[in-house]
Every structure is written in structure tokens, then in C-alpha cells.
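> Could you have a look at this structure, given as C-alpha cells, before my questions?
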Amino acid sequence: MGINVVRVNENEIAIIISGRFDFSMNNDFRKILSESNETGQKYSIDMGAVEDLDSAALGMLLLLREKAGGDTANIKIRKCRPDIVEMLKMANFHTMFDIS
Amino acid sequence: MKILIAEDSSLSRSVLSSILEKFDFVVIEAVDGKDAVDKYIEFDPDIILMDLMMPVMNGYNATKKIKELAGEKFIPIIVLTSMSETDSLVKSIEYGADDYLNKPYNADAINAKILALLRIKELHDTLNSNKKKLEHLNEQAAAELLVAEHIYDSVLEKGERILPQVRQYMRPVTNFNGDILMTAYTPSGGFNVMLGDFTGHGLSAAIGAIPAAETFYRMTERGFSIGDIVVELNTKLKTILPSNMFCAASLIEVDQERTTVSVWNGSNPDVVITDNKGKMINRIASSHTALGIVSPEKFDRKVDIFSLNGDEHIYMCSDGFLDARNSENVKFGMSGYINLFSDDTGSNVELNDIIDRLFSFAENGEINDDISVIEICVDKDIDIWNADDSEGRDNKRLESEWVLNLSFDAAALKEINPVPLLLNFVNGINAISGHKERIYTTLSEFFTNSLEHGLLGLDSSLKESAAGFQEYFSQKESRLAELQEGSISLNLSQKMSETGWQIIIEVIDSGKGFDHKEETLTLGDNVGYAGRGIPLVYKICESVEYNDVGNAVKAVYPLNTPL
Numbered sequence: 001m002g003i004n005v006v007r008v009n010e011n012e013i014a015i016i017i018s019g020r021f022d023f024s025m026n027n028d029f030r031k032i033l034s035e036s037n038e039t040g041q042k043y044s045i046d047m048g049a050v051e052d053l054d055s056a057a058l059g060m061l062l063l064l065r066e067k068a069g070g071d072t073a074n075i076k077i078r079k080c081r082p083d084i085v086e087m088l089k090m091a092n093f094h095t096m097f098d099i100s
Numbered sequence: 001m002k003i004l005i006a007e008d009s010s011l012s013r014s015v016l017s018s019i020l021e022k023f024d025f026v027v028i029e030a031v032d033g034k035d036a037v038d039k040y041i042e043f044d045p046d047i048i049l050m051d052l053m054m055p056v057m058n059g060y061n062a063t064k065k066i067k068e069l070a071g072e073k074f075i076p077i078i079v080l081t082s083m084s085e086t087d088s089l090v091k092s093i094e095y096g097a098d099d100y101l102n103k104p105y106n107a108d109a110i111n112a113k114i115l116a117l118l119r120i121k122e123l124h125d126t127l128n129s130n131k132k133k134l135e136h137l138n139e140q141a142a143a144e145l146l147v148a149e150h151i152y153d154s155v156l157e158k159g160e161r162i163l164p165q166v167r168q169y170m171r172p173v174t175n176f177n178g179d180i181l182m183t184a185y186t187p188s189g190g191f192n193v194m195l196g197d198f199t200g201h202g203l204s205a206a207i208g209a210i211p212a213a214e215t216f217y218r219m220t221e222r223g224f225s226i227g228d229i230v231v232e233l234n235t236k237l238k239t240i241l242p243s244n245m246f247c248a249a250s251l252i253e254v255d256q257e258r259t260t261v262s263v264w265n266g267s268n269p270d271v272v273i274t275d276n277k278g279k280m281i282n283r284i285a286s287s288h289t290a291l292g293i294v295s296p297e298k299f300d301r302k303v304d305i306f307s308l309n310g311d312e313h314i315y316m317c318s319d320g321f322l323d324a325r326n327s328e329n330v331k332f333g334m335s336g337y338i339n340l341f342s343d344d345t346g347s348n349v350e351l352n353d354i355i356d357r358l359f360s361f362a363e364n365g366e367i368n369d370d371i372s373v374i375e376i377c378v379d380k381d382i383d384i385w386n387a388d389d390s391e392g393r394d395n396k397r398l399e400s401e402w403v404l405n406l407s408f409d410a411a412a413l414k415e416i417n418p419v420p421l422l423l424n425f426v427n428g429i430n431a432i433s434g435h436k437e438r439i440y441t442t443l444s445e446f447f448t449n450s451l452e453h454g455l456l457g458l459d460s461s462l463k464e465s466a467a468g469f470q471e472y473f474s475q476k477e478s479r480l481a482e483l484q485e486g487s488i489s490l491n492l493s494q495k496m497s498e499t500g501w502q503i504i505i506e507v508i509d510s511g512k513g514f515d516h517k518e519e520t521l522t523l524g525d526n527v528g529y530a531g532r533g534i535p536l537v538y539k540i541c542e543s544v545e546y547n548d549v550g551n552a553v554k555a556v557y558p559l560n561t562p563l
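Residue numbers (my numbering), protein chains in the order written: chain R, 1 to 100; chain L, 1 to 563.
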């Protein structure tokens, strides 16, 4: 349960999230944002172990996207369970993130 | 550190005092239980040593009394006992004592015990002060939430504006809802409904609700389509809200004749349309980002349009509805929601059934989010002119003749719908309240015909089938985008006639015209051309005349029409 961050290389940060992705992860998530300041940073988010997410989680993803350059952000969201993909699609997030 | 010793034997008192003074304690002496209580009140010691057998008031009662006086504050009391007195030890603990010391006294043991208890006291004091701070913050938050709730309710007028054809079930998870429902008639007698779901439940939702409500009501009243409204809402919310906050929303617009419904769904669960038997005939999934996320340039205003018979029900809900869980932690989910409308029993689902089904599902489970479900009964028999909100308008009608002529070229027609703009202008100079809807309908029908048939050459027979209906609107979109030339003139004037003041509405387009004789239909005979719009205009206006070519139409609307 929680968030783990791994720096893959100079340009890429991997974020692994597990359990319920909701407001309780807000502080951890903000910490990740404040620690990664460089522009042009790539992110890959492993959501394989995410069981559920709420609108606060969507908000965190939007914050990350903004941090990573808004429309030019390079964020991959990976390994989502089908129901999680469905929720992200309902929010139209597949138009803003690279989801699979 | 102040230490209170309650001991009736002066010898014991002085032995204890001398030990404690060696460890730098300030010693206060009491000679019996009552004296101990008095000295406690007077000196507020940090810790108390209490003998049990004392005259006037014994140590048990003194302990009990002091603990009562201390209330939430922790005052450690150590009772002084002999090794053999197990019973009295148990009893003293029952009376509130915290620890005990066996006689005879050992200086280091006494000091160690006192220090240990003082450590516990310090911990207790910190906890207590944190608790007080938290309580204070809680009260403050509750007070501010009340303010937010007040703002929220007054902005939304707490359901007072909800139209009679809309039924709602809204269950907030905190004092007030992060979900908002707004409904309003359009100037033409159609209506708009918006169900919004803000991120968060409290203040953040209230902050977003203020501009959202203002925009929705103002633009609906002025006749803007939900496409225009969502563009404006998105721009406003994008500016105001922080980037992790947004408003999932579904909006529908039903026209005055209850023949079409436009739907815009941004991140809310599917909007469901059922027939008069409660069977689902359409579901409109979210195809847009929630309001307040994407920049205005990237925002997609596209609505889906469906034809109606006039007896359908439309359902909307917020995602809290899908998130309800049963005892096995399984979500109600989209499938649970959609299944509500796939009963083969042929019985009509009502809002109450839907709520019952959800709650029987979530019995022993949990519901963590605001839940809103809306049922809209499209009832073509409800008086469509209810829309008239002549209340609060005391400006008088201008009793003079005026003429307003406006012309729009292809480039302008791509960008704006002049009808609401024009009507607001007219209403501004010349209060036509009470007639606004009828004049709006007439102007709007003429304009739509000129645009869709005169300029874009669309074939209205397409609208006779459901598939064609969609095709019609997508053709309209693409042809309008490609439109290079052509113009539409809108002429409005007010004149005095023998029978009184009248508004003359004239619309001329640059198109080839059409066989307007086909349009002289009766109200009931509503297939074809533009729904029942034009026949309705015949009913509203004193006269409707086309020119021979059929590219110019003129209607006379008498202002002395009974309302």
C-alpha cells in the first residue's frame, strides 16, 4: 500500500502505486512533485497494484502532468487493471496520458 | 517541580521532605486528606504523594476528590503503602491513584518513580494540549464549512429552482454536497439540466459552484446552447480552480417541442435514456474531460443529439453512485447501474426503485462519496411556456416604433448564433417579458431553417429515422465548417397597428429558397422539415408569410397576445 519512487535514469522516474489510490496518498505524491524539479522529466507510473482510485487521485495525476510540462508532458501509465482503465477513460484521461 | 506530600505523621513527612528536597523538588506539606485537597487547589503541584490512613479525610477520598478537581488534567498521585497492604493498594487504584510506594522509603526508588510518572504526565500534557488545538481547529473548520454551506445553498437556491419534470436524489457524504444539480428553462421553452460533481466535498466545491451556477443560469436564460455553456464553464473553472481540482459534469438540453435532446458528458457516468416502458434506448458515455482541466483551445464542446418522442425518461448520476460497495467490497459499478434499466419485466423504473436497489445492494457495505441520481421526465404535455420568468422585471415596454436590421455572413455564422444575442438586445431596450419565449421561438425557427436549409442545403427527411437524425447533425457540422459564402439577415421591428403594438420578425437568407407550402402543416402533423417548430410558429403568430422563392419569411407577433 502506498507510493514508491525509483529513478530509472537521469531523465526518467518510475512511480509504483499500490492499494487504494486516493486522498491518503496526497502528501506522498506532493513530495514526489516537489523533489522532481527538472523540466523534460519522463515519468512512468506502474498502477498494476492499484485497486481503486478516486477523483483526488485523478487530481494528483493532473498535478504531475502540469509539473511535467502540461501538453508536452511525457507520462506513461502502465499495467492498469481493466476497471481502472475504464475509470481513467471515463475521465477522458486517455487523451492526456499514455495509458495501457 | 512542586511536590505535595499528604501524610499525618510528622516524622514520615519530614523524612520524605528531606529526601525530596535533596532531589531539588519544592515540597508542600499537608497534614490530612482535606488539607491535601486545599493545598492542591492553592499550589497546583506537579505530583502528589498520598498516605492512606489520615484523620479528617482519608487518602482514598482525597485522591478521588483531587482527581475530580483535576478534570482532564493529569495529576499523578502516588499512594504510600506498606508491603502487606495489598487490599488498600487495589482500593486506592480504584479511587484514582496512579502508582504506589512501599514503606520504608528508599530515596533512589522514590526519585525514579516520581521521574517516571512525571514523564507520563508530560506526555499526557502534550496530548491534552494537542487535543485542545485539534478541537479548536475542528470548531473553526466546522464554522467555515457552515459559511461555505450557506454560500453554496444561496448560490444554488437549494433546489427551489429545480423544474417540476426533474426528480432528484442527492445524498451528501459530509454536511454538504460536492454534487450540484441545476435546471432551468431556455427562452424558447426547452430546458437545460446540469449535474456536476466537484473534486472534494467542502469549501472547494462551494468555490467552484459559485461561478458554475452563475454561468449556467445566465447563459441558459439568454438562450445559449449547452455547447456554449460548457465552453464558458470550462474556461471559468480552469481559471479559478487549482489544477488538481475539476468538475465532472453531464449536461442535457431538451428543446421546446421535446423532440430532441442534446447531451454533453464530461467524466460523469453514462447518461441513460429510457422509453416509456423503462427500457434503455440510449446510453451516452463520457467522451469529454471534466470541466476545468483542459485549456479553452483544446476543449471539446461537441454534443450528441438524439430524437425524442416526448415520453422518455433521462437519468444522470454522479460517480459516487457507482462507487457504493456491498459487504464483499464489490462495487455497484457501471454494470449495476446499467442493469437497472435492462429489466425485462417491462415495468417502469422510478427513481425510488433505483435508490432502493442501490441501498439494498450496499447494505452492510459502504458508501463513501456523495451520491446523486437525477430522473428527468420528458413530458411534452407540460406547458412549454412555463419558462416565462417575467418576475422582477419592472421596466416598462417602450411604446414607440423601432427597427433593427442585422446581417451575418458565412464567417460570422460559423462563429456565433445571433438569435440569443439579438433577443437579449431587444429585451434590453424593450421589455418583452412574457412574450420572450414566443418571439425567441419564432426567430429561432426561422433562423434555423435559413441556416440549415437555405444555406447548408440539409435534407430534413433525414431526421425521420434515428440513424438519419445523427447523420443530419453531423452533416450540419461539416457543411457549416465548409461554408464559404451566403448570408442571413434578421430584421426585427416594433410597430403600432390597428389592433395594437406588434413585433415584426423577418428572416431572409441568400439561399435558393424552398417550397414553403409544405410547411403549412397542422401542429399534430409534425413529421418532416424541422420538427414541429414551424407549425408552432403559425400558432403563435398572427400571420406568417413566405415570399414566392421561399428564402424570406415574415411573421407578425401581436404584443397584446394573452399570456
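Note that beta-carbon positions come from the ideal geometry of N, C-alpha and C, so glycine has one too.
Quick one: is GLY239(L) near chain R, going by C-beta distance under 8 Å?
The question names Gly, but residue 239(L) is Thr in the sequence shown. No, its Cβ sits nowhere closer than 8 Å to a Cβ of chain R.
> Over what stretch of residues does the alpha helix (DSSP H) that includes PRO211(L) continue unbroken?
Looking at the DSSP string, the run of the alpha helix (DSSP H) that includes PRO211(L) is 203-221.
> Is the Cβ of SER267(L) closer than 8 Å to any Cβ of chain R?
Answer yes: the Cβ-Cβ gap between SER267(L) and chain R drops below 8 Å somewhere.
> Leaving aside the five residues before and after CYS80(R) along the sequence, list all residues of the same chain whose C-beta is less than 6 Å from its C-beta, in chain order.
Excluding sequence neighbours, CYS80(R) sits near MET47.
> Can you tell me whether DSSP reads VAL403(L) as helix, strand or coil?
Three-state DSSP puts VAL403(L) in a strand.
> Residues of chain L with CB closer than 9 Å to the CB of GLY59(R), please, in chain order.
THR199, GLY200, PRO242, SER243, ASN244, MET245, PHE246, listed in chain order.
> Please tell me whether GLU66(R) has its Cβ less than 8 Å away from any Cβ of chain L.
Yes, because at least one Cβ of chain L sits closer than 8 Å to the Cβ of GLU66(R).
> Of all the CB atoms in chain R, is at least one closer than 8 Å to the CB of ILE289(L)?
Residue identity differs from the one stated: residue 289(L) is Thr in this sequence, not Ile. THR289(L) counts as touching chain R.
> Which of the three DSSP states is assigned to HIS313(L) in this structure?
HIS313(L) falls in the strand class under three-state DSSP.
> Alpha carbon to alpha carbon, how far is MET60(R) from ASN244(L)?
So the alpha carbons of these two residues sit roughly 6 Å apart.
> Label VAL6(R) either buried or exposed according to how many other C-beta atoms from any shown protein chain fall within 10 Å of its C-beta, with 16 as the threshold for buried.
VAL6(R) comes out exposed.
> Give a yes or no on whether 8 Å exceeds the smallest Cβ distance from LEU33(R) to chain L.
With 8 Å as the cut-off, LEU33(R) does not count as an interface residue toward chain L.
> Go through the segment 265-328 of chain L residue by residue and report every complete run of the beta strand (DSSP E) that reaches 3 residues or more, in order.
Taking only runs of at least 3 residues, the beta strand (DSSP E) segments lying wholly in the segment 265-328 of chain L are 271-274, 280-284, 304-307, 313-317.
> Which residue spans inside the segment 112-185 of chain L form an unbroken beta strand (DSSP E) run of at least 3?
As far as the segment 112-185 of chain L is concerned, its whole beta strand (DSSP E) runs of at least 3 residues are 166-171, 179-185.
> Please report how far the alpha carbon of GLU565(L) lies from the alpha carbon of VAL27(L), in whole angstroms.
Nothing about residue 565(L) can be reported from this structure: the residues present for chain L run from 1 to 563 only.
> Go ahead and label VAL373(L) buried or exposed: buried means 16 or more other beta carbons lie within 10 angstroms of its beta carbon, across all protein chains shown.
VAL373(L) comes out buried.
> What are the uninterrupted segments assigned as beta strand (DSSP E) that are 3 or more residues long and contained completely in the segment 444-522 of chain L, given in chain order?
Whole beta strand (DSSP E) segments, 3+ residues: 487-497, 500-509.
> Roughly how many angstroms lie between the CA atoms of ALA136(L) and LEU127(L), to the nearest whole one?
Here residue 136(L) turns out to be His, not Ala, going by the sequence shown. Using only the alpha carbons, I get a separation of about 14 Å.
> Whose CA, out of SER478(L), ALA97(L), GLY278(L), THR442(L), lies closest to the CA of VAL507(L)?
The candidate whose alpha carbon is nearest that of VAL507(L) is THR442(L).
> Given PRO55(L), which residues of its chain have a CB within under 7 Å of its CB, disregarding the five upstream and five downstream residues?
For PRO55(L), where only same-chain residues beyond five positions count, the Cβ hits under 7 Å are ASP8, ASP32.
> For THR86(L), count the other beta carbons within 10 Å of its own beta carbon; 16 or more makes it buried, fewer makes it exposed. Which is it?
The residue in question, THR86(L), is exposed, as its Cβ has fewer than 16 Cβ neighbours within 10 Å.
> Rounded to a whole number of angstroms, what is the C-alpha to C-alpha distance between ALA481(L) and ARG171(L)?
Whole-angstrom Cα-Cα distance: 44 Å.
> Name the residues in the segment 290-303 of chain L whose C-beta lies less than 9 Å from a C-beta of chain R; which are they?
Hits within the stretch, in order: ALA290, ILE293, VAL294, SER295, LYS298, ASP300.
> If you follow the beta strand (DSSP E) that ALA552(L) is part of, which residue opens it and which one closes it?
Counting along the chain, the beta strand (DSSP E) containing ALA552(L) begins and ends at 552-558.
> Would you call GLU415(L) buried or exposed, if buried means 16 or more other Cβ atoms sit within 10 Å of its Cβ?
GLU415(L) is exposed by the Cβ-count criterion.
> Can you tell me which of the three DSSP states ALA49(R) falls into?
Three-state result, ALA49(R): strand.
> Closer than 8 Å by C-beta to MET87(R): which residues in its own chain qualify, once you throw out the five before and the five after it? Chain order, please.
LEU53.
> Taking Cβ-Cβ distances below 8 Å as the criterion, which residues of the segment 271-289 of chain L are in contact with chain R?
Taking 8 Å as the Cβ-Cβ cut-off against chain R, the residues of the segment 271-289 of chain L that qualify are ALA285, SER286, SER287, HIS288, THR289.
> Considering only their Cβ atoms, is the gap separating GLY310(L) from LYS238(L) smaller than 8 Å?
No, these two residues do not count as a Cβ contact at 8 Å.
> Identify the continuous alpha helix (DSSP H) that holds ALA56(R) and give its terminal residues.
Note, ALA56(R): alpha helix (DSSP H), 55-67.
> Cβ closer than 9 Å: which chain L residues qualify as neighbours of ALA14(R)?
Under the 9 Å cutoff, chain L gives no residues; its nearest Cβ is about 21 Å from ALA14(R).
> Considering only the beta carbon of each residue, do ILE19(L) and ALA107(L) sit closer than 8 Å?
Contact: yes.
> Quick check for students: name the residue ranges of the alpha helix (DSSP H) that lie wholly in the segment 50-88 of chain L, counting only runs of 4 or more.
List check, alpha helix (DSSP H) in window: 59-70.
> Quick check on DSSP: helix, strand or coil for VAL90(L)?
It is helical.
> Could you have a look at TYR440(L) and say whether DSSP puts it in helix, strand or coil?
Note: TYR440(L) maps to helix in three-state DSSP.
> According to DSSP, simplified to helix, strand and coil, what is ALA109(L)?
Looking at ALA109(L) - three-state DSSP - the assignment turns out to be helix.
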